[in-house]
Ligand code: NAD
Ligand code: 6OD
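Residue numbers (this note's numbering): -13 to 462.
This is how it looks when you write it as structure tokens:
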């Protein structure tokens, strides 16, 4: 697998190399070049120049065609992308083939489709009655300019393309930095963008670490006009400090400690199956995963027994991204016991008896018995683990769900439609799923409240972030 920077239309691998570890085997799988501050500056300069070139002259229809060509390019190399996603993250191949690669294609096509027929000008009002004879107002959207895209390791291709597609759709140029843990699909994406005939400098890719590395060089750069970041809330704080220096606008998708509310009238089999998915998909390393489950008391015992059984039957799951992340997750498993938890399922390291035993796997884990104040219940663990607690009333369920510094996603399981409509808007989260989880329409607003994010992405929301409206007022 080749890991290269892509700057001003050229692939290069200069910079101090750092080792890449395969999370499935724990073994070294390659080396990645770390971009220097000078290379990041070259990338930002190239992106600035590209804004003044032919890219800046394209209309929306032409940009839509470019996005479709990128989507075609991903489809043409589908197997390579799936293999690179598995190599990057260790996730089951089936997930890469059914979720990540198709979603990257969808990300580009969705924004191409949004551009089709999008009016280049929005007429707003004819002002009259102020004694001036009135005016015709219209607004045009101008790209932000040079946009920095910083992505995490957990869904590397999905989340990188989720920001690159709308940034390009809105006419910006991009300098992207994937996570240092997952450089593979990002490099492939650069190859596809290059082959799609995107002019040099419009899309640039730099590899490296965050703090003290390419991420920090990029977010501190005065030539960056906007920062779209997905990652941990603490990193969001560091990036916001850097952005404050130049008053750079930010869009942040951050951490979560997502709640599921299971009411006694729910289809319990569906709620259990849904919670297995929402807590354990990708071994819990999705920001939308459920780590807190609240179950109405009459069905609490039945729910816990069924969830624990299904969790302990899981076999085909991927590893934690790194040894360090596995240590963190296992330290929470120990903390939970110290805090007084009952371990209903899991709680340790699996023994598969095959090649996976040298990888960074941890067991899917179900806990009960902790108070709401326990650190295990309050802090994001980002592993395959959930704590299940009982509640009595609807009011209490909403209060427990909202008792968190985070507010990214929530799931409500109920057959009572009125209850669903009552509860969903009261839950402090950017998205509330009812009787489902992670169903995505890419036009809907996506983001978090409280420590889970700033702003919304998705559809027009992303295009709004990645552009500035300019009002033109013509006096009559
Ligand atoms: P992270 O914050 O450690 O790293 C994310 C990216 O930021 C990486 O590319 C990293 O190199 C870079 N980075 C780190 N420090 C930086 C700095 N000081 N300046 C500039 N860049 C810096 O996150 P992670 O561990 O890769 O991902 C897991 C976290 O991301 C979890 O907290 C998860 O909840 C969150 N996440 C949120 C969403 C969402 O949509 N809300 C989606 C995925 C992941
Ligand atoms: O589905 C999406 O658009 C999205 N941004 C998902 C984020 C998942 C977090 O890990």
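Every residue gets a Cβ at the ideal spot worked out from N, C-alpha and C, and that includes glycine.
In the DSSP assignment, what are the bridge partners of residue i?
i, result
"residue 15", "Note: residue 15 sits in no beta bridge, so no partner."
"residue 128", "454"
"residue 244", "276"
"residue 376", "281"
"residue 213", "134, 236"
"residue 463", "What the structure shows of the chain is the stretch from -13 to 462, and residue 463 is not part of that stretch, so it cannot be assessed."
"residue 443", "432"
"residue -8", "-3, 191"
"residue 392", "436"
Within the same chain, show all residues whose beta-carbon is closer than 6 Å to that of residue i, passing over the 5 residues directly before and after it, in chain order.
i, result
"residue 182", "55, 56, 59"
"residue 71", "82, 86, 143, 171"
"residue 349", "332, 334, 336"
"residue 431", "442, 444, 447"
"residue 257", "248, 399"
"residue 437", "219, 391, 392"
"residue 260", "423"
Determine the closest residue to residue i out of the options, with distance taken between C-alpha atoms.
i, options, result
"residue 154", "339, 451, 272", "451"
"residue 367", "338, 416, 310", "310"
"residue 475", "13, 123, 158", "Any question about residue 475 goes unanswered here, given that the chain covers just -13 to 462."
"residue 255", "230, 293, 201", "293"
"residue 462", "389, 177, 122, 355", "122"
"residue 31", "321, 149, 190", "190"
"residue 105", "125, 90, 259", "125"
"residue 372", "336, 92, 195, 245", "245"
"residue 332", "46, 266, 411", "266"
"residue 88", "69, 109, 66, 61", "61"
"residue 297", "317, 336, 365", "336"
"residue 76", "197, 64, 359, 167", "167"
"residue -5", "177, 435, 214, 358", "177"
"residue 355", "330, 378, 208", "330"
"residue 428", "91, -8, 326, 8", "91"
"residue 449", "149, 84, 63", "149"
"residue 357", "253, 51, 323, 224", "323"
"residue 40", "187, 301, 218, 416", "187"
"residue 317", "328, 359, 369, 437", "369"
"residue 275", "299, 295, 226, 240", "240"
"residue 27", "319, 50, 339, 207", "207"
"residue 325", "359, 69, 392, 299", "359"
Quick one: what's got a C-beta closer than 8 Å to residue i's C-beta in the same chain, skipping five residues either side?
i, result
"residue 53", "94, 95, 97, 98, 101, 151, 154, 155"
"residue 169", "-11, 6, 18, 74, 193"
CB residue i to CB residue j, shorter than 9 Å?
i, j, result
"residue 0", "residue 15", "no"
"residue 237", "residue 433", "yes"
"residue 103", "residue 128", "no"
"residue 278", "residue 424", "no"
"residue 133", "residue 212", "yes"
"residue 250", "residue 285", "yes"
"residue 130", "residue 137", "no"
"residue 302", "residue 78", "yes"
"residue 180", "residue 64", "no"
"residue 160", "residue 215", "no"
"residue -9", "residue 44", "no"
"residue 4", "residue 20", "yes"
"residue 394", "residue 458", "no"
In chain order, what residues of the same chain have a beta carbon less than 7 Å from the beta carbon of residue i, not counting five sequence neighbours either side?
i, result
"residue 141", "86, 272"
"residue 413", "384, 387, 388, 396"
"residue 34", "132, 209"
"residue 345", "9, 10, 11, 12, 76, 305"
"residue 252", "399, 400, 401"
"residue 288", "254"
"residue 270", "368, 369, 370, 371"
"residue 221", "196"
"residue 36", "159, 185, 186, 187, 188"
"residue 109", "124"
Using 8 Å as the cut-off, classify the Cβ of residue i as near or not near the heavy atoms of the ligand ADP, replying yes or no.
i, result
"residue 75", "For the ligand ADP, the structure offers nothing, since it holds only the ligand NAD and the ligand 6OD."
Taking only beta-carbon atoms, is residue i less than 9 Å away from chain B?
i, result
"residue 375", "Among the protein chains of the structure shown there is no chain B, as only one such chain exists."
Taking three-plus beta-carbon pairs below 8 Å as touching, is the region 223 to 241 in contact with the region 379 to 389? no
With a threshold of 8 Å, are at least 3 pairs of Cβ atoms found where one atom belongs to the region 442 to 449 and the other to the region 193 to 210? no
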